[in-house]
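This report refers to the structure that appears directly beneath it.
2 protein chains.
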Amino acid sequence: MIARLNGQEIKVVKVQGEFPWHFHEKEDEFFLVWEGVFRVEFRDRIVELRPGEGLVVPHGVEHRTCADAEAWVMIFEPAEVLNTGNVTDANYTAPQGVVI
Amino acid sequence: MIARLNGQEIKVVKVQGEFPWHFHEKEDEFFLVWEGVFRVEFRDRIVELRPGEGLVVPHGVEHRTCADAEAWVMIFEPAEVLNTGNVTDANYTAPQGVVI
Chain A
1 MIARLNGQEI KVVKVQGEFP WHFHEKEDEF FLVWEGVFRV EFRDRIVELR PGEGLVVPHG
61 VEHRTCADAE AWVMIFEPAE VLNTGNVTDA NYTAPQGVVI
Chain B
1001 MIARLNGQEI KVVKVQGEFP WHFHEKEDEF FLVWEGVFRV EFRDRIVELR PGEGLVVPHG
1061 VEHRTCADAE AWVMIFEPAE VLNTGNVTDA NYTAPQGVVI
C-alpha cells in the first residue's frame, strides 16, 4: 500500500503468473498497468492491458489476473479488501495493511 | 472522468498554469503524474512531482496545483467533489460528471 484516502487504498504490485479465480462481494477494483502486459480474465472474455491502460472490475464479478512476464500494476480499491476476495489461498492471499 | 467505483471517481486532466488556492472540506485527493512536471503547492512547502510520482492531499489542507508546461495527471477522489473545493472560480471550476 502506498497511500490511503477516503477509506480507499492505493497499492502497487509486481505480479507474474496466474491468480486464483475470485470475486469481491462489495468492492469494485481498478487496475492500472504501469509496466508489462497484464490480463484480467473474466469467465466470458479476456482483457489484455498494457502500460497506461486500466480497467474496473465491478463487485460481484468473478475474475482472475494473469501476467506471463513480470508486470507492475497499481490497484485502487477499498481499504481492508482481501486480495483473493471470496476465497482464501495459502499462496495468494496477501497480508493486509502492508505499507511502503 | 474515466472510471467510477466505490463512490470514487478517476479523472485524467491535462493542466498548464496555476490553479486557485483552495481546500476540500471532506475529500482527500490523490494526484498521480503521467507526463510532465506537476507541482502541488502548500502554504508552507512545494512538492514537485514527475511521471510515476504521486501525492495525497488530505481534506482540509489548503493547496494549489501548478504546471509550467502541459502535464498529464490522474486524480482519484470522491465522486461529485468540486475541483476548486471551497471556492468557485469562473475560469477554473469544472463541470462535474463529464465522462470520457
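Chains A and B, in that order, give the protein sequences. Using this note's numbering, the letters of the first sequence correspond one by one to residues 1 to 100. Using this note's numbering, the letters of the second sequence correspond one by one to residues 1001 to 1100. Virtual Cβ for every residue (Gly too), placed ideally from N, Cα, C.
For the ligand PLP, any of its heavy atoms closer than 7 Å to the Cβ of B:G1036? Absence of the ligand PLP from the depicted structure is noted, as is the absence of any ligand whatsoever, leaving it without description.
Are the C-beta of B:Q1008 and some C-beta of chain A separated by less than 8 Å? Here residue 1008 of chain B refers to the residue found at position 8 when the second sequence is read from its first residue. B:Q1008 counts as touching chain A.
Alpha carbon to alpha carbon, how far is A:N91 from A:D68? Give it in angstroms, no decimals. Reading the first sequence from its first residue, position 68 is the one you call residue 68 of chain A. Reading the first sequence from its first residue, position 91 is the one you call residue 91 of chain A. One C-alpha to the other measures close to 18 Å.
DSSP bridge partner residues for B:V1033 (one or two, in chain order): Taking the second sequence and counting its residues from 1, one reaches residue 1033 of chain B at position 33. In DSSP, B:V1033 forms a bridge with B:V1073.
Suppose contacts are defined by Cβ-Cβ distances below 8 Å. Is B:G1036 in contact with B:A1071 by that definition? Indexing the second sequence from 1 puts residue 1036 of chain B at position 36. Indexing the second sequence from 1 puts residue 1071 of chain B at position 71. In this structure, B:A1071 lies closer than 8 Å to B:G1036 by Cβ.
Taking 8 Å as the CB-CB cut-off, is B:A1079 touching chain A? For this step, residue 1079 of chain B is matched to residue 79 along the second sequence. No, B:A1079 lies away from the interface with chain A (no Cβ there is under 8 Å from its Cβ).
Straight-line gap, B:R1050 to A:P20 (C-alpha atoms, nearest Å): Counted from its first residue, the second sequence places residue 1050 of chain B at position 50. Counted from its first residue, the first sequence places residue 20 of chain A at position 20. Roughly 35 Å between the two C-alpha positions.
Determine the direct distance from the alpha carbon of A:D44 to that of A:C66, and round the result to whole angstroms. In the first sequence, the residue the question calls residue 66 of chain A occupies position 66. In the first sequence, the residue the question calls residue 44 of chain A occupies position 44. Each residue's Cα considered, the two are about 15 Å apart.
Through-space distance from B:E1080 to B:E1029, alpha-carbon basis: In the second sequence, counting from the first residue as 1, residue 1029 of chain B sits at position 29. In the second sequence, counting from the first residue as 1, residue 1080 of chain B sits at position 80. Near 12 Å, if we compare the C-alpha coordinates of B:E1080 and B:E1029.
Can you give the Cα-Cα distance for A:V98 and B:V1057, rounded to whole angstroms? The count along the first sequence starts at 1 and reaches residue 98 of chain A at position 98. The count along the second sequence starts at 1 and reaches residue 1057 of chain B at position 57. Each residue's alpha carbon lies about 21 Å from the other.
What span of residues does the beta strand (DSSP E) with A:Q8 cover, start to end? Translated into the one-based positions of the first sequence, residue 8 of chain A becomes position 8. Residues 8-18.
State the DSSP-derived secondary structure class of B:T1065, mapped to helix, strand or coil. Position 65 of the second sequence, counted from the first residue, corresponds to residue 1065 of chain B. The answer is strand: DSSP assigns B:T1065 an E or B state.
Exposure of B:P1095, with buried meaning 16 or more beta-carbon neighbours within 10 Å: Position 95 of the second sequence, counted from the start, is the residue given in the question as residue 1095 of chain B. It counts as exposed.
So which residues on chain B does A:L82 lean against when the C-beta distance must stay under 9 Å? Here the question's residue 82 of chain A lines up with position 82 in the first sequence. Near A:L82 there are no residues of chain B at all, since even the closest Cβ is about 15 Å away, more than 9 Å.
Does B:R1045 come out as helix, strand or coil in the three-state DSSP assignment? As a first step, residue 1045 of chain B is located in the second sequence; it is residue number 45 there, counting from the start. Note: B:R1045 maps to coil in three-state DSSP.
Could you tell me which chain A residues have their CB closer than 9 Å to the CB of B:E1048, listed as they occur along the chain? The residue given as residue 1048 of chain B occupies position 48 in the second sequence. Under the 9 Å cutoff, chain A gives no residues; its nearest Cβ is about 18 Å from B:E1048.
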